[in-house]
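One structure is given here, and the rest of the page talks about it.
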Amino acid sequence: MRSDLPTPRQSTMGHFIAGIVAVLVFISGIAVSAAGSIGGLLDTWNASVTGTLTVQVPGEAKAADKLAESVRDALLKTEGVKRAGVVPRAQAQALLRPWLGDAKLIADLPLPALVDVELAAPSTLTLERVDAAVKAVAPAAIIDDHRVWLNRIAEFAQALGYIAFILIGLALAALTLTVVFATRASLTEYTQTIEVLHLVGARDGYIASQFSWRAVRQALWGGVIGLLAFAPTLLALSWFARRIDPGVLPPISLPLPYWGGLAALPVAAAVIAFVAARATVARALRAMV
Amino acid sequence: MALFRTKTKEPDADPVRLDGVAFRYGNSPNILSDLSLTLPAGSFHFLTGASGAGKTSLLSLLYLSNLPTEGKLSLFGQDVAKASRNRRATIRRSLGVVFQDFRLLDHLSAFDNVALPLRVAGVSEENVKAYVSELLGWVGLDGLFEARPEVLSGGQKQRVAIARAVVGSPKLILADEPPGTVDDAIAERLMQLFVELHKLGACVIVATHNEHLVSRFPFPRLHIERGTLSVLPAVSHIEAGE
Ligand SMILES: Nc1ncnc2c1ncn2[C@@H]1O[C@H](COP(=O)(O)OP(=O)(O)OP(=O)(O)O)[C@@H](O)[C@H]1O
Ligand SMILES: [Mg+2]
Numbered sequence: 021m022r023s024d025l026p027t028p029r030q031s032t033m034g035h036f037i038a039g040i041v042a043v044l045v046f047i048s049g050i051a052v053s054a055a056g057s058i059g060g061l062l063d064t065w066n067a068s069v070t071g072t073l074t075v076q077v078p079g080e081a082k083a084a085d086k087l088a089e090s091v092r093d094a095l096l097k098t099e100g101v102k103r104a105g106v107v108p109r110a111q112a113q114a115l116l117r118p119w120l121g122d123a124k125l126i127a128d129l130p131l132p133a134l135v136d137v138e139l140a141a142p143s144t145l146t147l148e149r150v151d152a153a154v155k156a157v158a159p160a161a162i163i164d165d166h167r168v169w170l171n172r173i174a175e176f177a178q179a180l181g182y183i184a185f186i187l188i189g190l191a192l193a194a195l196t197l198t199v200v201f202a203t204r205a206s207l208t209e210y211t212q213t214i215e216v217l218h219l220v221g222a223r224d225g226y227i228a229s230q231f232s233w234r235a236v237r238q239a240l241w242g243g244v245i246g247l248l249a250f251a252p253t254l255l256a257l258s259w260f261a262r263r264i265d266p267g268v269l270p271p272i273s274l275p276l277p278y279w280g281g282l283a284a285l286p287v288a289a290a291v292i293a294f295v296a297a298r299a300t301v302a303r304a305l306r307a308m309v
Numbered sequence: 008m009a010l011f012r013t014k015t016k017e018p019d020a021d022p023v024r025l026d027g028v029a030f031r032y033g034n035s036p037n038i039l040s041d042l043s044l045t046l047p048a049g050s051f052h053f054l055t056g057a058s059g060a061g062k063t064s065l066l067s068l069l070y071l072s073n074l075p076t077e078g079k080l081s082l083f084g085q086d087v088a089k090a091s092r093n094r095r096a097t098i099r100r101s102l103g104v105v106f107q108d109f110r111l112l113d114h115l116s117a118f119d120n121v122a123l124p125l126r127v128a129g130v131s132e133e134n135v136k137a138y139v140s141e142l143l144g145w146v147g148l149d150g151l152f153e154a155r156p157e158v159l160s161g162g163q164k165q166r167v168a169i170a171r172a173v174v175g176s177p178k179l180i181l182a183d184e185p186p187g188t189v190d191d192a193i194a195e196r197l198m199q200l201f202v203e204l205h206k207l208g209a210c211v212i213v214a215t216h217n218e219h220l221v222s223r224f225p226f227p228r229l230h231i232e233r234g235t236l237s238v239l240p241a242v243s244h245i246e247a248g249e
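Respectively, the protein sequence lines represent chains A and B. When you line the first sequence up against this note's numbering, it's residues 21 to 309, in that order. When you line the second sequence up against this note's numbering, it's residues 8 to 249, in that order.
Below is the structure:
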């Protein structure tokens, strides 16, 4: 669309909207990918860990091992348990060797006997049954439900995800306010232009369109620049994440919808800019005869 | 000269009709009071009065920059106070205004300034190019199409302003002090332009202090004094009668 307004280069407001949109899209981009990665992480954890738990049977080694075998037998008869097996003490000790070294020292440690359990269908009911079966045989046994600590992490991660969404909301709100005030400020700069257009017979819609399409162009520009600046940041983050042992941090991937969300940011900025500019100019025009 | 023709809703209605119009800015006393006047199509009037008498204020009512505080103003048979905003925009397209301070847009070239009324009215670029080029040539601005107002002289700016006023072939032409800053040869030519348009049926009002100009043309005067308007016969006719 042909414009009767000064080009951005001719006006002091110039690239202001574009610049602010770039910054806000950058921030929103980080927030969106944070929310997305956390979501992806939670899915991975849920899929890999929820079906297993460990029972620790404390006590003097021989007695504990014997009790662990009873626990295993009881669990194998429990509904919902797919597999249960005593972890051989030698294997548990082998796991500790890299940290503690001395084999004699490890042998003397009062290590609990361990029963590895895999559930067919993890549910609260199954967990209650497991709990009852274990407690009946070995009241001192501790059930290490991985989900307990995992749930805490999941809750934390979810909270981070919500914060990310709040951040996106705040960025969009800041964008709206910025465009409204930038347009209002530029109206003083353009009073003469608006008045002349008005006096030579331009309709309100024509004048408002000139401003809103210009704001759209600036917001799209800013949005794309913000995304382009954000891309290397995202690549760097995922590179660092990939260097971490997958046992500690499962591979992070941004779920597909979040890529859509990232691409939608400049569009959202453009829509906000359009509406804000249009409303602001329409208001200024209503003050004219 | 081929000028672009715009359509008016009621071509037969009087371009200007004032019924008991009064006007003031805000809460200040009336600048104009109880004006009643009808200007038919094809009429030509000078608008005179001392500085500060209210010439620009009266014209601002006619070009719809202000609304009367009292009374009724009709342009082309339409009560401007009751017209919708879009309707008023359409009425403005039938007007050609030369503002006292020109009001050219500094960021647009001479060509684009003149083209503005056609473009906001949705005239095709092809026609815009034809009409604007011809008119700019006619007012002697060949070769200055791309010049910004800031590099133009006062007289050149005024010619751009006049070209912008008449490019839409207006039915009502309002010129505030047009030849004031122009040397006499150009003033003569520009006045001729208004006279031509008046002969083609436009209603023309030219506000001026220039007694010399008023005396050279046989047109009646609208004279504002102490807020009231009187119609005086043409100066040249008075002289002829003496
Ligand atoms: N926007 C405004 N707000 C308030 N008062 C105004 C405004 N414009 C003009 N006036 C006042 O209205 C009166 C008439 O002004 P106007 O500009 O209509 O006079 P004029 O006849 O055009 O004068 P000049 O010949 O110097 O151009 C003056 O006293 C002026 O101070
Ligand atoms: Mg004046």
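Quick reminder that beta carbons are idealized off the backbone N, C-alpha and C, glycines included.
Check: Please report whether the beta-carbon of Tyr138 (chain B) lies at a distance below 8 Å from any beta-carbon of chain A.; Outcome: no
Check: When we look at the beta-carbon of Phe260 (chain A) and count the other beta-carbons within 10 Å, is it buried (16 or more) or exposed?; Outcome: exposed
Check: Can you name, in chain order, every residue of its own chain whose Cβ lies under 6 Å from the Cβ of Val157 (chain A), other than the five neighbours on each side?; Outcome: Ser90, Val91 and Ala94
Check: Mind reading off the beta-carbon distance from Gln76 (chain A) to Asp164 (chain A)? Whole number of angstroms is fine, and I expect it under 8 Å.; Outcome: 6 Å
Check: With a floor of 3 residues, list each beta strand (DSSP E) that falls wholly inside the segment 108-139 of chain A, ordered by position along the chain.; Outcome: 133-139
Check: Cβ of Ala60 (chain B) within 7 Å of any heavy atom in ligand 1?; Outcome: yes
Check: What residue ranges within the segment 13-77 of chain B form continuous beta strand (DSSP E) runs of no fewer than 3 residues, ordered along the chain?; Outcome: 23-30, 39-46 and 51-55
Check: Please classify Phe106 (chain B): is it buried, with 16 or more other beta-carbons within 10 angstroms of its beta-carbon, or exposed?; Outcome: buried
Check: Please classify Lys62 (chain B) as buried or exposed, where buried requires at least 16 other C-beta atoms within 10 Å of its C-beta.; Outcome: buried
Check: For Ile212 (chain B), is the beta carbon positioned less than 7 Å from some heavy atom of ligand 1?; Outcome: no
Check: Within its chain, find whatever has a CB closer than 6 Å to the CB of Val309 (chain A); leave out the 5 residues flanking it on each side and keep chain order.; Outcome: none
Check: Give a yes or no on whether the minimum CB-CB distance between Ala128 (chain B) and chain A is below 8 Å.; Outcome: yes
Check: List the residues of chain A whose Cβ lies closer than 8 Å to the Cβ of Asn73 (chain B), in chain order.; Outcome: Val309
Check: Just the chain A side, please: which residues come within less than 9 Å of Val104 (chain B) by C-beta, in chain order?; Outcome: Leu219 and Val220
Check: Could I get the ranges of all uninterrupted alpha helix (DSSP H) runs contained in the segment 210-245 of chain B, with 4 residues as the minimum, in chain order?; Outcome: 218-223
Check: With distances taken between CB atoms, is the gap from Pro275 (chain A) to Leu247 (chain A) smaller than 8 Å?; Outcome: no
Check: Within 10 Å of its beta-carbon, does Ile58 (chain A) have 16 or more other beta-carbons around it, so buried, or fewer, so exposed?; Outcome: buried
Check: Alpha carbon to alpha carbon, how far is Leu139 (chain A) from Phe294 (chain A)? Give it in angstroms, no decimals.; Outcome: 55 Å
Check: For the segment 190-221 of chain A, list every residue whose C-beta sits within 9 Å of some C-beta in chain B, in sequence order.; Outcome: Gln212, Thr213, Glu215, Val216, Leu217, His218, Leu219, Val220 and Gly221
Check: Quick one: which chain B residues come within Cβ less than 8 Å of Arg223 (chain A)?; Outcome: Arg92, Asn93, Ala96 and Val127
Check: Expressed to the nearest angstrom, what Euclidean distance is found between the alpha-carbon atoms of Leu219 (chain A) and Asp149 (chain B)?; Outcome: 26 Å
Check: Using the Cα positions of Gly49 (chain B) and His35 (chain A), report the straight-line distance between them to the nearest angstrom.; Outcome: 50 Å
Check: In this structure, how does DSSP classify Ala283 (chain A) when only helix, strand and coil are distinguished?; Outcome: helix
Check: Taking 7 Å as the line, does the beta carbon of Asp108 (chain B) fall inside it for any heavy atom of ligand 2?; Outcome: no
Check: Using a beta-carbon distance below 8 Å, is Tyr70 (chain B) in contact with chain A?; Outcome: yes
Check: Would you report the Cα separation of Arg234 (chain A) and Leu305 (chain A), rounded to the nearest angstrom?; Outcome: 17 Å
Check: Looking at the unbroken beta strand (DSSP E) that takes in Thr72 (chain A), where does it start and where does it end?; Outcome: Thr72 to Val77
Check: At a threshold of 7 Å, does Thr215 (chain B) count as lining ligand 3 (C-beta to nearest heavy atom)?; Outcome: Although ligand 3 was asked about, the structure shown includes only ligand 1 and ligand 2 as ligands.
Check: Using a C-beta to C-beta distance shorter than 7 Å, which residues of chain A count as neighbours of Pro124 (chain B)?; Outcome: Val220 and Gly221
Check: So, under 8 Å CB-CB, Asp136 (chain A) and Val101 (chain A) are touching, yes? Tell me the CB distance rounded to an integer number of Å.; Outcome: With 8 Å as the limit, Asp136 (chain A) and Val101 (chain A) do not qualify as a contact, their Cβ atoms being about 11 Å apart.
Check: Taking the alpha carbon of Gln165 (chain B) as the reference point, which residue from B:Val104, B:Pro177, B:Glu132 and B:Ser35 has its own alpha carbon closest?; Outcome: B:Val104
Check: So with CB distances below 8 Å, who are the chain B contacts of Tyr226 (chain A)?; Outcome: Val127
Check: Ligand 2 and Asp183 (chain B): does any heavy atom of the ligand fall closer than 7 Å to the residue's C-beta?; Outcome: yes
Check: Rank B:Ser140, B:Gly78 and B:Ile180 by C-alpha distance to the C-alpha of Pro22 (chain B) and give the top, closest one.; Outcome: B:Ile180
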